[in-house]
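Report on the following structure.
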Amino acid sequence: MPRMHVTDAASATPASATDPRGRRAGRGARALRGGTALGVALLSLLAAPAPAVSAQPRPTAPPAAAAGVPQPDLAGLRDVLRTATEQGAPGAMARLDDGGTAHWYTVGVADRSAGRALGAGDRFRIGSVTKTFSAVVLLQLVDEGKLSLDAPVNRHLPGLLPDDRITVRHLLSHRSGLYDYTNDLFAQTVSGFEAVRTKVFTYRQLVDLSLRHARTTDPGGAYSYSNTNFVVAGMLIEKLTGHPVGTEYQRRIIEPLKLRDTFYVHPDTAIPGTHARGYLTPDAPATALVDATRQTVSWAQSAGALVSSTHDLNTFLSAVLRGQLTSAEGLEQMRRWVPAGTGQAYGLGLRRRDLSCGVSVYGHTGAVQGYYTYAFASADGRRSLSALANTSNSARVHATMLRTLDSAFCGTGAGTGTKARKGVAAPHERAEDTAPATVRE
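Residue numbering for the sequence shown follows this note's numbering, starting at 1 and increasing by one per position.
Next comes the structure, spelled out in structure tokens:
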């Protein structure tokens, strides 16, 4: 089946029969203005039976359509993006890969000043989706016999942490009890951001910010999300490999999967190539958005500083869940869940969300100043969704964008309850994948 390229009619992006990253589609595939479910179905029936052409070749052939998952609600997915822009996001986009078929939608603008429409191939900051990359690297090191998940962190980083009982597993599952230093950095959203926009931290400086506070739980206690855990994960990667984390992302994930839009640019402030600008919503109502695009993201590093695209994130998550990046045992360890709030669980750098229809999806959310990212896949990795809103610190936009998951994995009519329609976040839907100040009512 050829790939189908669907561009939402609300976008100013021109229709074409090319991949958003410039590759031609398979024979018979045509761009479809409007993106209706009926149009998609007709295109599928009329297309010639040519091989699929992927923008990025996967390590193996594309999987079949996701098993046991309802057909996606493509019109609903488009409507969620439109709602997010009505609520204040300058732009929103989503890409859904389902076996050999890709659908994408873009709404709104990538650059408010220039008026450039958001493009399906635009790069953006993925925030805490970076944590899944970091976890994969550490699990590969476990596979290589260089690390044990249940070894004390201080065995490899002597004297770093105040408790020798804190293990690598505790870090990756957010059960170390290490205080999240970002609570202090971003207690005030805009002023906090401006104070660190161009600052370059060492890992040790970030850990020291955390250690000024008492721990939130004993090692191995209840899940308590903390960016500090994945800062320490970055320190472990660099200690065990002798290389910067960016080098290890490149060698172990980016190059094998041919992810041409994924970069670790820290401490540089620019996003390479064509990208969406990110806009931070101030705390005070009716205050102008702040362009937060240029920043070091040094406050996050291995916890949240990667740049990517919807295409690359779908490729990455599909590979993770199909066991292409770790051993079978490594993937099993990633999926050893602990409770993480209503309808959620957390493994090792991997989040599980239980949707309205009973389907569970696996991946991570990301919030960094100016960008909300949602990257999840079915259990078998056959269907994957990545979505972006180029704003942050907006509870309404965040709650609305979470509905992309129901549209993608639960089908028609999912996620349309009263709270979902109004864009009100339930308690477990608040963004915790950076500082709490990134989401406010």
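For glycine and all other residues, C-beta sits at the position ideal for the given N, C-alpha and C.
Simplified DSSP assignment, three categories, for residue i
i	result
Arg251	helix
Arg33	Confidence in Arg33 is poor, its pLDDT being 28 and thus under 50, which makes the residue's placement unreliable; the coordinate value appears in the next sentence. The answer is strand: DSSP assigns Arg33 an E or B state.
His170	helix
Ser384	strand
Ala408	helix
Pro59	With a pLDDT of only 42 at Pro59, under the threshold of 50, the placement of this residue in the model should not be trusted, and no figure is reported.
Ala389	strand
Phe124	strand
Phe201	coil
Ser54	Because the pLDDT at Ser54 is just 29, under 50, the model does not fix this residue reliably, and the value given afterwards should be weighed accordingly. Reduced to three states, the DSSP call for Ser54 is coil.
Val265	coil
Residues sharing a beta bridge with residue i, DSSP
i	result
Ser356	None, per the DSSP bridge assignment.
Gly323	BP columns for Gly323 are empty, so no partner.
Asp291	Tyr279
Thr365	Tyr374
Arg449	What is shown of the chain runs 1 to 441, which leaves residue 449 out entirely.
Ala117	Val109
Leu152	One detail in the question is off: residue 152 reads as Pro in this sequence, not Leu. Note: Pro152 sits in a beta bridge opposite Thr167.
Pro339	Ala345
Ser394	The partner list for Ser394 (beta bridge, DSSP) is empty, contrary to what the question assumes.
Val307	Arg125 and Phe263
N-terminal and C-terminal residue of the alpha helix (DSSP H) that residue i is part of
i	result
Ser191	Thr189 to Val196
Gly76	Leu74 to Glu86
Val142	Thr130 to Asp143
Element boundaries [beta strand (DSSP E), containing residue i]
i	result
Gln452	Not covered by the structure: residue 452. The range shown for the chain is 1 to 441.
Ala284	No beta strand (DSSP E) holds Ala284; DSSP gives it neither H nor E.
Thr373	Tyr371 to Ala377
Arg95	Gly91 to Asp98
Asp164	Neither: Asp164 is in no beta strand (DSSP E) and is coded neither H nor E.
Asp111	Thr101 to Asp111
Check: residue i C-beta below 7 Å from any heavy atom of the ligand FAD
i	result
Gln369	In terms of ligand content, the structure shown is empty, and the ligand FAD therefore cannot be addressed.
Within 8 Å, strictly: CB atoms of residue i and residue j
i	j	result
Ser298	Asn229	no
Gly489	Ala89	For residue 489 there is no data in the structure shown, the boundaries of the chain being 1 and 441.
Gln333	Leu348	yes
Leu402	Tyr374	yes
Leu209	Tyr181	yes
Ala305	His266	yes
Thr412	Asp73	yes
Ala328	Arg294	no
Ile378	Val142	In the sequence under discussion, the amino acid at residue 378 is Ser, which differs from the Ile named in the question. Cβ atoms of Ser378 and Val142: not closer than 8 Å.
Quiz item: Taking contact to mean at least 3 C-beta pairs separated by less than 8 Å, is the segment 272-288 in contact with the segment 119-132?
Solution: yes
Quiz prompt | Cβ pair count under 8 Å reaching 3, the segment 181-190 against the segment 277-294 | solution = yes
Quiz item: Taking three-plus beta-carbon pairs below 8 Å as touching, is the segment 227-237 in contact with the segment 68-86?
Solution: no
Quiz item: Do the segment 103-117 and the segment 142-159 meet, that is, are 3 or more Cβ pairs less than 8 Å apart?
Solution: no
Quiz item: On the three-pair Cβ rule with 8 Å, is the segment 125-145 touching the segment 348-362?
Solution: yes
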